[in-house]
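Asks: Just passing along the structure, written as structure tokens.
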Amino acid sequence: LSLLNAVAVQLPYFGDYEGALGLWKRYLAQIKAQRGDAQQLLEGYIGATKALFGMQRWSEMEAMAREGLAATASASGVGETAAVGQVVNAELAHELRIPLQIRGARAEARASLEEHTRAVETSDQSAHKVRWDNLLDLAGLELGHDDVEALQAATRAHAGYAAHSDSTSSQLAISAMFAGMAHTAIGQLKPAEGMLNTSL
Numbered sequence: 394l395s396l397l398n399a400v401a402v403q404l405p406y407f408g409d410y411e412g413a414l415g416l417w418k419r420y421l422a423q424i425k426a427q428r429g430d431a432q433q434l435l436e437g438y439i440g441a442t443k444a445l446f447g448m449q450r451w452s453e454m455e456a457m458a459r460e461g462l463a464a465t466a467s468a469s470g471v472g473e474t475a476a477v478g479q480v481v482n483a484e485l486a487h488e489l490r491i492p493l494q495i496r497g498a499r500a501e502a503r504a505s506l507e508e509h510t511r512a513v514e515t516s517d518q519s520a521h522k523v524r525w526d527n528l529l530d531l532a533g534l535e536l537g538h539d540d541v542e543a544l545q546a547a548t549r550a551h552a553g554y555a556a557h558s559d560s561t562s563s564q565l566a567i568s569a570m571f572a573g574m575a576h577t578a579i580g581q582l583k584p585a586e587g588m589l590n591t592s593l
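Counting from 1, position 70 in the sequence shown corresponds to residue 463 in this note's numbering; the numbering is continuous, with no gaps.
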């Protein structure tokens, strides 16, 4: 299992998303056959959804993310790994948002992100970076629809990334850009300029 996981993680770096997907499906089949724990099971679903994202197979990506979210309830070890499960579910919600947004299901994407972000925020995994990823997703969903909500989400995401030691420059730049765009949309030009300069 560990070998399948390790190889599947590496293949996308070489552009082999199809190969990665095949390995993740084998990994998931073995986890299910051995009644593996929730963390292992959901890691497999995250890997599979990311491989499908790489191939832009949106309907399959949506189905895989939904299957992963549903699998939590029946996986063994859920009680012992509840906090970890909340984080992984939040990561799956992050993946599910993409195909939902592409097919225009913005309200469902928002509800899913909000639900799983709240679950992480109230758990002992509240410092996990996935909450900022999901807030950044929310900011992107709300821009042009509810710019005040977009500003709040982007500002919180940017502050969270800034306080997280392994945040990337892209995460900091995009969250600042979204905040700057939202400031602009509601007529707050001075703070908009500051956030857009931060993004640059």
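Backbone N, C-alpha and C define an ideal beta-carbon position, used for all residues, glycine too.
Could you pull out every residue in the same chain whose Cβ sits closer than 7 angstroms to the Cβ of Leu536, ignoring the five residues on either side in sequence?
Replies: Result list for Leu536: Ala543, Phe571, Met574, Ala575, in chain order.
Asks: In three-state DSSP terms, what is Asp526?
Replies: Asp526: helix per DSSP, three-state reduction.
Asks: Give the straight-line distance between the Cα atoms of Val471 and Ala483, rounded to the nearest whole angstrom.
Replies: Confidence at Val471 is low in this model, with a pLDDT of 46, below 50, so its placement is unreliable and the value that follows should be read with caution. Going by the C-alpha atoms only, they are around 15 angstroms apart.
Asks: The alpha helix (DSSP H) that contains Arg503, what's its start and end?
Replies: Looking at the DSSP string, the run of the alpha helix (DSSP H) that includes Arg503 is 499-514.
Asks: Look at the alpha carbon of Gly429 and the alpha carbon of Ala566, and state the distance between them as a whole number of angstroms.
Replies: Going from the Cα of Gly429 to the Cα of Ala566 covers about 39 angstroms.
Asks: When the Cα atoms are used, what is the spatial distance from Lys425 to Leu434?
Replies: One C-alpha to the other measures close to 7 angstroms.
Asks: Could you check the C-alpha separation between Leu445 and His521 for me, to the nearest Å?
Replies: So the two alpha carbons sit approximately 24 angstroms from each other.
Asks: Where does Lys583 land, buried or exposed, given buried means 16+ other C-beta within 10 angstroms?
Replies: It is exposed - the Cβ of Lys583 has fewer than 16 other Cβ atoms within 10 Å.
Asks: Which same chain residues, not among the five before or five after Ser558, have their C-beta less than 7 angstroms away from its C-beta?
Replies: Contacts found: none.
Asks: Taking all protein chains shown into account, decide if Ser568 is buried (16 or more other Cβ within 10 angstroms of its Cβ) or exposed.
Replies: Its Cβ being crowded by 16 or more others within 10 Å, Ser568 is buried.
Asks: Would Val541 be called buried (16 or more neighbouring beta carbons within 10 Å of its own) or exposed?
Replies: Label assigned to Val541: exposed.
Asks: Where does Asp540 fall in DSSP's three states?
Replies: Helix.
Asks: Taking only the alpha-carbon atoms, compute the straight-line gap between Gly580 and Glu586 and give it to the nearest angstrom.
Replies: Cα-Cα distance, rounded: 11 angstroms.
Asks: Confirm, please, whether the CB-CB distance from Asp530 to Leu493 is below 8 angstroms.
Replies: No; because the gap between Cβ atoms is not below 8 angstroms, this pair is not in contact.
Asks: Within 10 Å of its beta-carbon, does Thr510 have 16 or more other beta-carbons around it, so buried, or fewer, so exposed?
Replies: Buried.
Asks: Have a look at Met457 and Asn590 and give me their C-alpha separation to the nearest angstrom.
Replies: The straight-line gap from Cα to Cα measures roughly 39 angstroms.
Asks: If you draw a straight line from the alpha carbon of Ala401 to that of Ala578, how long is it in whole angstroms?
Replies: Computed Cα separation, rounded: 42 angstroms.
Asks: Do Tyr410 and Leu485 have their C-beta atoms within less than 8 angstroms of each other?
Replies: No, the pair does not count as a contact, with Cβ atoms beyond the cut-off.
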